[in-house]
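Note that UniProt numbering numbers the sequence shown so that position 138 is 138, with each residue one more than the last.
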Amino acid sequence: MVKKAIQRKRMMSYFIDATVELIDEVGINGITLRKVADKAGYNSATLYNYFENLDHLILYASMKHIKDYSHSLEIYLKDAENAMDRFLKVWECFCDYAYDKPEIYNAIFFPNLEKHFEDYVADYYKLFPEDIISKDKNISTMLLKTDINERAQTTVYACVDEGYIRPEDANKLNDMTLLIFEGMLKRVLNNKISYDDSRNNTMDYIKAIVERFLIKDYNFYY
Numbered sequence: 001m002v003k004k005a006i007q008r009k010r011m012m013s014y015f016i017d018a019t020v021e022l023i024d025e026v027g028i029n030g031i032t033l034r035k036v037a038d039k040a041g042y043n044s045a046t047l048y049n050y051f052e053n054l055d056h057l058i059l060y061a062s063m064k065h066i067k068d069y070s071h072s073l074e075i076y077l078k079d080a081e082n083a084m085d086r087f088l089k090v091w092e093c094f095c096d097y098a099y100d101k102p103e104i105y106n107a108i109f110f111p112n113l114e115k116h117f118e119d120y121v122a123d124y125y126k127l128f129p130e131d132i133i134s135k136d137k138n139i140s141t142m143l144l145k146t147d148i149n150e151r152a153q154t155t156v157y158a159c160v161d162e163g164y165i166r167p168e169d170a171n172k173l174n175d176m177t178l179l180i181f182e183g184m185l186k187r188v189l190n191n192k193i194s195y196d197d198s199r200n201n202t203m204d205y206i207k208a209i210v211e212r213f214l215i216k217d218y219n220f221y222y
């Protein structure tokens with residue numbers, strides 16, 4: 001059983017690594033199963049033994065691309081003094097990386113897959129637990145969440161616990177910030193806005209929403 005798991009990880013890694021290289025070379029939209037199989041040195045039929053379809057493979061390859069974000073998150077949060085600081089800094093870090101590689105983050109957080117997203121993410125981190133590099137329990141918990149909505153909720157509920165927003169407003173704050181991000185990401189994907197403007201505008205809009213829901217004093221760090 002252990003040998004089978006090792007073999008599965010090794011074979012999947014061949015295809016994932018080939019896809020990571022292709023993402024850098026031709027972009028996500030330029031990837032085909034044949035290109036991946038050729039670069040990995042196997043045929044397409046072998047690929048289907050390990051992945052449902054191209055979207056499944058691209059998702060896993062894209063997750064390899066966000067390790068820089070995972071590494072940086074702890075640095076961004078180092079000076080956070082409270083839950084609201086953490087909420088905003090998580091978004092700041094996320095936007096800094098997502099708008100720099102919009103195709104990658106769109107493939108991960110807004111995928112077109114057959115099964116529930118949580119099944120794919122759980123399988124990925126079971127195969128590659130080394131990709132969860134944070135020693136911070138809260139960060140690790142957030143990274144293990146199965147979709148962008150649940151990831152964002154992790155930090156929102158901490159703001160409720162520390163008395164910054166009402167419990168009944170948590171989902172509203174979460175939904176509104178996610179809508180801002182999703183809309184801005186689509187603008188970036190369509191080359192309608194620059195990286196700097198997308199990043200700065202998102203943080204300004206999130207600040208405006210937070211101000212609406214705050215129920216105790218908070219000094220914004222930006």
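Glycine included, each C-beta is placed from N, C-alpha and C at the ideal position.
Please read these numbers as outputs of a predicted model, since none were measured by experiment.
7 Å Cβ shell around residue i - same chain, five flanking residues per side excluded
i      : result
Lys89  : Tyr76, Leu77, Ala80
Cys93  : Tyr69, Ser72, Leu73, Tyr76
Val36  : Phe15, Ala18, Thr19, Leu22, Leu47, Leu57
Lys9   : Leu127
Ala40  : Tyr14, Phe15, Ala18
Ile165 : Cys159, Leu173, Phe213, Leu214, Ile215
Tyr222 : Met203
Beta-carbon proximity of residue i to residue j, cut-off 9 Å
i      : j      : result
Ser62  : Ile108 : yes
Met203 : Cys95  : yes
Met84  : Glu211 : no
Leu127 : Glu52  : no
Leu173 : Val156 : yes
Tyr218 : Asn82  : yes
Arg86  : Ala152 : no
Three-state class that DSSP yields for residue i in the structure shown
i      : result
Tyr222 : coil
His65  : helix
Leu113 : coil
Asn106 : helix
Ile16  : helix
Phe51  : coil
Tyr42  : coil
Thr154 : helix
Lys101 : coil
Gly30  : helix
Lys35  : helix
Ile132 : coil
Lys78  : coil
Asp217 : coil
Thr146 : The predicted model places Thr146 with a pLDDT of 49, which falls under 50 and marks its position as unreliable; any figure quoted below should be read in that light. Thr146: coil per DSSP, three-state reduction.
Sequence-distant residues of the same chain with beta carbon closer than 6 Å to residue i, five excluded per side
i      : result
Val160 : Pro167, Ala170
Leu54  : Leu33
Thr177 : Ile206
Contacts around residue i, its chain only, beta-carbon distance under 8 Å, and the 5 residues preceding and following it disregarded
i      : result
Tyr97  : Ile66, Asp68, Tyr69, Ser72, Tyr105
Ile209 : Leu173, Met176, Thr177, Ile180
Residue i burial status per 10 Å Cβ neighbour count (16 or more: buried)
i      : result
Pro102 : buried
Thr32  : exposed
Phe181 : buried
Ala18  : buried
Leu59  : buried
Tyr195 : exposed
Phe220 : exposed
Ala5   : exposed
Ser44  : exposed
Gln7   : exposed
Val188 : buried
Residue-chain proximity (residue i, chain B), Cβ-Cβ < 9 Å
i     : result
Thr19 : Absence of chain B from the displayed structure is noted, only one protein chain being present.
Taking the runs of the alpha helix (DSSP H) that are 4 residues or longer, which of them lie wholly in the segment 162-214?
-> 170-189, 195-213
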